[in-house]
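Residues in the sequence shown are numbered from 215 upward in steps of one, following our numbering. Positions of the beta carbon are idealized from the N, C-alpha and C atoms, including for glycine.
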Amino acid sequence: MACRRGAQSIAREEHNCEWRRFLVGRHAATIRPSAARQNSAPERSLIAGTFMIDADDFDWNKAAPDFIVDLAELDDDDYGFVYRGEPFSGVAISYYGNGQVESRRPCLNGFPHGHCQWWHDNGQLSQEWTAFAGMGHGWGTTWNEDGGVVKKRLSEFGRALEWTIFDPDGAVIETGTNREDKPTLEWIEKYRRRFPNAPVV
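Printed below as a string of structure tokens:
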């Protein structure tokens, strides 16, 4: 199912959908074994349903390198971006048909990791967020094609902690929080233990 950008879907679906869409493109991934090769330990973890690699398999305590690659040159094997048979570490850039930059995604070990950006085809910034090991981690903002703010959201390890949604005139139409939500807090605590050196949100 495509991850929609509409304001109504943002607060309800995006906490699960956004990082996977940024990871694999405009559609959520279907996690499945690769028929072409033996699955690695991180892939087996994904197939088991955790949607995240094992903490010990890769080093996440560094920034993505400045090595720039057109997204079209990367393979997506449902476990992240792959470049020449290896998990991609660098900056993936995608383009619209008119040559305008569509997205800029720093990646580490195949997953978005760092300051990610998307643009509308008119050049206006569309989305901006920070990823850690493929998960939204920090503040993210979404804009409409005219530059008006649609949504602001604070996430930790891919789970929305709080959000604000705006109407086309800039008035607040919804605010929300998951700071008291037990499943959200349990998820975050699990990943705080798993990634003790992750940036504090």
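Cβ-Cβ distance between Gln338 and Arg318 below 7 Å: no
Buried versus exposed call for Pro410 [16 or more other C-beta atoms within 10 Å across all chains shown]: exposed
Buried or exposed (CB count within 10 angstroms, at least 16 for buried), Thr264: Because the pLDDT of Thr264 is 36, which lies under 50, any placement of that residue in the model is unreliable, and the question is left without a value.
Residue range of the beta strand (DSSP E) that includes Tyr405: For Tyr405, no beta strand (DSSP E) run applies; the uninterrupted alpha helix (DSSP H) run containing it begins and ends at Lys396 to Arg408, by DSSP.
Cα-Cα separation, Thr344 to Lys396: 24 Å
Residue burial classification, Asp365 (beta-carbon count within 10 angstroms, cutoff 16): Contrary to the premise, residue 365 reads as Lys rather than Asp in this sequence. Buried, by the Cβ-count rule.
Where Glu388 sits in the DSSP three-state scheme: strand
CB-CB length for Glu359 against His334, believed under 8 Å: The Cβ separation is near 5 Å, so the contact holds.
Span separating the alpha-carbon of Phe371 from that of Thr391: 15 Å
C-beta contact flag for Phe325 and Gly294 at 7 Å: yes
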